[in-house]
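In UniProt numbering, the protein residues as written are 1 to 631.
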């Protein structure tokens with residue numbers, strides 16, 4: 001384990017001998033068999049970590065903590081404002097439940113290497129299902145609960161699960177989403193049919209069961225014999241996670257067992273500054289990579305207490321929901337998306353709800369999912385009086401590419417920056433020919449191969465598509481698809497996807513920098529800037545803004561101020577002349593603004609409803625705002 005005293009020392013230690021650095025970290029994990037090589041460059045698209053090693057991820061998350069005397073410590077706190085329930089499960093209780101569910105899955109024929117699709121809401125059983133699958137040496141694929149049948153069917157066809165674990169319904173503010181009809185429709189559409197379904201019946205909506213195929217979750221678990229851990233190779237898959245917005249054949253990112261365990265175990269302390277026995281809360285969903293890494297695996301590998309939340313940042317019941325959870329459970333670090341903070345800011349711009357709670361347990365707030373606009377980062381930093389750390393990563397990497405590091409003392413607060421590269425990532429901005437750019441210039445953010453442990457080593461049964469998607473544009477590099485700057489101090493500024501760099505009359509401009517200006521306006525809660533087609537200039541920017549709750553001013557007046565603000569801060573070169581107030585921005589369920597979809601609407605192109613969209617009606621509102629009519 002790293003004993004460096006500073007970030008610079010740790011990064012230099014890693015650069016000096018990457019394999020030795022990660023081998024040292026790997027001793028924090030319990031291995032059934034030590035690896036033959038910390039890194040084998042001759043395997044996979046770019047090499048493999050801990051080749052020849054054997055372990056079981058579930059054992060490292062649960063069994064070893066119980067064996068080491070932590071059985072009575074809280075492992076998971078389920079806090080559900082949707083049901084009015086709070087339940088705490090100790091490590092011993094989580095282990096007992098996981099052993100039994102593993103036994104139930106084994107009784108249905110699930111074994112090493114088989115796939116299990118998990119289609120569940122934010123309930124403890126979802127985490128138990130992930131761990132139970134891992135316990136058997138099987139491979140899980142979690143699909144966000146409530147995902148549309150057509151998209152779910154393509155994932156079933158690709159993963160070919162032996163069993164699907166589901167629930168009768170999920171709960172959203174004001175509505176119950178019945179999962180079973182969606183799942184039945186998806187199976188009917190899919191070329192692959194699972195052998196069995198395990199269905200958790202929730203009281204809010206009971207599912208109709210199909211005899212012979214469907215099994216009651218609770219009854220199956222009660223009847224099962226506990227099942228032990230099955231060791232697997234470090235390079236064997238732990239899970240498949242399909243990236244959002246894919247069309248045709250879905251893109252299934254694979255996560256291996258060994259690299260994932262080592263990277264996440266390390267990151268909990270190095271990046272987030274939490275350790276065994278401390279309470280950690282990731283306000284995300286198990287359907288997303290953040291939920292995989294930091295609701296379930298990361299905190300449990302480290303021996304922390306993890307909070308699982310079934311609710312929203314606002315409306316369950318009010319903008320103080322997050323602050324209530326922190327105060328009630330003595331959360332030390334919160335990890336969430338910038339969109340959650342913007343939602344709270346929009347509903348409670350003065351932060352009055354935060355002042356009602358004792359937030360003294362909170363040491364830091366971490367943000368990821370998309371770049372946090374500086375005004376929101378400053379707002380929440382001033383509200384909480386705690387460090388706010390924006391950090392950058394992707395489904396494909398599984399953990400942070402850039403961050404601040406609580407183990408080494410955090411960097412100075414730089415709103416808009418994603419921090420500095422984590423040990424493991426040799427990150428540079430490249431020009432379109434793949435040449436390294438001088439520091440301070442905007443380019444294609446890319447990582448020199450090999451990627452570190454924890455990053456997806458390939459796509460599910462598709463090495464060729466992995467190479468084509470990520471490695472072929474710049475040989476020797478992983479192309480992140482994000483544009484940004486590495487400045488002279490090494491701080492990284494991610495300005496958006498590379499297709500969010502627009503070309504206005506020959507000038508390459510970042511829509512992210514324009515969004516930063518719009519977000520600084522006193523009446524703006526959140527915003528997006530897209531580049532629309534323009535016959536004369538190639539593209540022209542359009543700004544779309546949502547106003548803070550309670551703002552009652554003529555929209556034209558606000559728009560004029562925004563145009564003047566961009567002209568003042570960026571200059572006439574931006575050609576920014578069009579700002580529009582909209583009721584909301586279309587987003588994915590994980591909170592990412594659907595900029596590419598908005599751009600298609602603005603250009604009059606066919607814009608399919610993305611499978612991960614939170615509310616399709618937001619697209620019709622956007623069409624109306626952009627004056628292109630409702631589909």
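C-beta: ideal position from N, C-alpha, C; glycine also.
By Cβ distance, which residues of its chain are closer than 7 Å to residue 562, with the 5 residues on each side in sequence left out?
In the chain shown, residue 562 corresponds to position 562, counting from 1. Setting aside the 5 residues that flank it on each side, residue 562 is surrounded in the same chain by 518, 521, 543, 545 and 579, each with a C-beta closer than 7 Å to its C-beta; the list follows chain order.
From 603, 557, 38 and 512, pick the residue whose C-alpha is nearest to that of residue 593; which is it?
Counting from one through the chain shown, the residue named residue 593 turns up at place 593. The residue with the shortest Cα to Cα distance from residue 593 is 512.
Go ahead and pull the three-state DSSP assignment for residue 366.
Here residue 366 refers to the residue found at position 366 when the chain shown is read from its first residue. In the structure shown, residue 366 sits in a strand (DSSP, three-state: E or B).
In whole angstroms, what is the alpha-carbon distance linking residue 619 and residue 581?
Mapped onto the chain shown, residue 619 falls at position 619. Mapped onto the chain shown, residue 581 falls at position 581. Answer to the nearest angstrom: the Cα atoms are 15 Å apart.
On a CA-only basis, which of 492, 456 and 202 is nearest residue 234? Give me that one, please.
Numbered from 1 along the chain shown, position 234 holds the residue referred to as residue 234. Taking residue 234 as reference, the option from 492, 456 and 202 with the minimal CA-CA separation is 456.
I think residue 369 touches residue 591, with their Cβ atoms under 8 Å apart; what is that distance to the nearest whole Å?
For the purposes of this step, residue 369 is identified with residue 369 of the chain shown, where counting begins at 1. For the purposes of this step, residue 591 is identified with residue 591 of the chain shown, where counting begins at 1. With 8 Å as the limit, residue 369 and residue 591 qualify as a contact, their Cβ atoms being about 5 Å apart.
Taking C-beta to C-beta, are residue 173 and residue 466 nearer than 7 Å?
Counting from one through the chain shown, the residue named residue 173 turns up at place 173. Counting from one through the chain shown, the residue named residue 466 turns up at place 466. Contact flag unset, no.
To test your reading of the DSSP string, which unbroken alpha helix (DSSP H) runs of 4 or more residues are found completely within the segment 374-426?
374-384
Can you name, in chain order, every residue of its own chain whose Cβ lies under 6 Å from the Cβ of residue 146, other than the five neighbours on each side?
On the chain shown, position 146 is the one that residue 146 refers to. Cβ within range, chain order: 170 and 177.
Look at the alpha carbon of residue 385 and the alpha carbon of residue 360, and state the distance between them as a whole number of angstroms.
Here the question's residue 385 lines up with position 385 in the chain shown. Here the question's residue 360 lines up with position 360 in the chain shown. Residue 385 and residue 360 have their C-alpha atoms some 10 Å from each other.
Am I right that residue 137 and residue 66 are in contact with their C-beta atoms under 8 Å? What's the rounded C-beta distance?
Mapped onto the chain shown, residue 137 falls at position 137. Mapped onto the chain shown, residue 66 falls at position 66. 20 Å between Cβ atoms; not a contact.
Tell me where the beta strand (DSSP E) around residue 49 begins and ends.
Within the chain shown, numbered from 1, the residue matching residue 49 stands at position 49. First-last of the beta strand (DSSP E) with residue 49: 48-51.
Would you tell me roughly how many angstroms separate the C-alpha atoms of residue 16 and residue 159, rounded to the nearest one?
Locating residue 16 in the chain shown gives position 16, where the first residue counts as 1. Locating residue 159 in the chain shown gives position 159, where the first residue counts as 1. Going by the C-alpha atoms only, they are around 39 Å apart.
Please look up how many angstroms separate the CB atoms of residue 87 and residue 41, rounded, as I've assumed it's under 8 Å.
Sequence index remark: in the chain shown, residue 87 carries index 87 (1-based). Sequence index remark: in the chain shown, residue 41 carries index 41 (1-based). Residue 87 to residue 41, Cβ: 47 Å. No contact.
From the DSSP secondary-structure annotation, give me the bridge partner or partners of residue 528.
Residue 528 sits at position 528 when you count from the first residue of the chain shown. Looking at the DSSP assignment, residue 528 forms a beta bridge with 544.
Given this structure, state the Cα-to-Cα distance separating residue 206 from residue 303, to the nearest angstrom.
Residue numbering aside, residue 206 sits at position 206 when the chain shown is read from its first letter. Residue numbering aside, residue 303 sits at position 303 when the chain shown is read from its first letter. Roughly 35 Å between the two C-alpha positions.
Leaving out the 5 sequence neighbours to the left and right, which residues in its chain are closer than 7 Å to residue 91 when beta-carbon positions are compared?
One-based indexing of the chain shown puts residue 91 at position 91. Cβ within range, chain order: 62, 65, 66, 70, 71, 73 and 75.
Since residue 366 and residue 323 should fall inside the 8 Å C-beta cutoff, what is the C-beta to C-beta distance between them, to a whole number of angstroms?
Position 366 of the chain shown, counted from the first residue, corresponds to residue 366. Position 323 of the chain shown, counted from the first residue, corresponds to residue 323. Not really, about 16 Å apart at Cβ, beyond 8 Å.
Closest residue to residue 596 among 609, 372 and 294 (Cα-Cα distance)
As a first step, residue 596 is located in the chain shown; it is residue number 596 there, counting from the start. Closest by alpha carbon: 609.
By DSSP's criteria, residue 172 is part of a beta bridge. Which residues make up the other side?
Sequence index remark: in the chain shown, residue 172 carries index 172 (1-based). For residue 172, which the question treats as bridged, DSSP gives the partners 175.
Complete runs of the beta strand (DSSP E) confined to the segment 40-118 [at least 3 residues]
DSSP runs (the beta strand (DSSP E)) wholly in the segment 40-118: 48-51, 74-80 and 85-90.
So is the beta-carbon of residue 342 under 6 Å away from any non-hydrogen atom of the ligand PLP?
Absence of the ligand PLP from the depicted structure is noted, as is the absence of any ligand whatsoever, leaving it without description.
Out of curiosity, what's the CA-to-CA distance linking residue 246 and residue 278?
For the purposes of this step, residue 246 is taken as residue 246 along the chain shown, with counting starting at 1. For the purposes of this step, residue 278 is taken as residue 278 along the chain shown, with counting starting at 1. Caution is warranted here: a pLDDT of 38 is assigned to residue 246, below 50, making its placement in the model unreliable, and no coordinate value can be reported.
Given residue 12 as reference, the closest of 267, 82, 250 and 424 once Cα atoms are compared
The residue labelled residue 12 in the question sits at position 12 within the chain shown. Comparing Cα-Cα distances from residue 12 to each of 267, 82, 250 and 424, the minimum goes to 424.
Classify residue 79: buried if its beta carbon has 16 or more other beta carbons within 10 angstroms, exposed otherwise.
Within the chain shown, residue 79 is the residue found at index 79, counting from 1. Burial of residue 79 is indicated by the presence of at least 16 other C-beta atoms within 10 angstroms of its C-beta.
Buried or exposed for residue 656, going by 16 or more other Cβ atoms inside 10 Å?
Residue numbering for the chain in the displayed model covers 1 to 631; residue 656 lies beyond these limits and cannot be assessed.
Grab the span of the alpha helix (DSSP H) containing residue 18 for me, first residue to last.
Walking along the chain shown from the start, residue 18 turns up at place 18. In the DSSP assignment, residue 18 falls within the alpha helix (DSSP H) that extends over 18-26.
Could you tell me which of 398, 85, 157 and 105 sits nearest to residue 135, measuring between CA atoms?
Locating residue 135 in the chain shown gives position 135, where the first residue counts as 1. Cα-wise, what sits closest to residue 135 is 105.
Does the structure place the segment 94-103 close enough to the segment 327-340 that three or more beta carbon pairs sit under 8 Å?
no
Can you list, in chain order, the residues of its chain with a C-beta nearer than 8 Å to that of residue 184? Leave out the 5 residues immediately preceding and following it.
On the chain shown, residue 184 is found 184 positions in, with the first residue counted as 1. Cβ neighbours of residue 184 beyond the five flanking positions: 210.
In angstroms with no decimal places, state the Cα-to-Cα distance between residue 362 and residue 212.
The residue labelled residue 362 in the question sits at position 362 within the chain shown. The residue labelled residue 212 in the question sits at position 212 within the chain shown. The alpha-carbon atoms of residue 362 and residue 212 are separated by roughly 49 Å.
Exposed or buried, which one is residue 470 when buried takes at least 16 other CB atoms within 10 Å?
On the chain shown, residue 470 is found 470 positions in, with the first residue counted as 1. So residue 470 ends up on the buried side.
Reduced DSSP category for residue 5 - H, G, I as helix; E, B as strand; rest coil:
Here residue 5 is taken as the residue at index 5 of the chain shown, counted from 1. Under the three-state reduction of DSSP output, residue 5 falls in the coil class, being neither helix nor strand.
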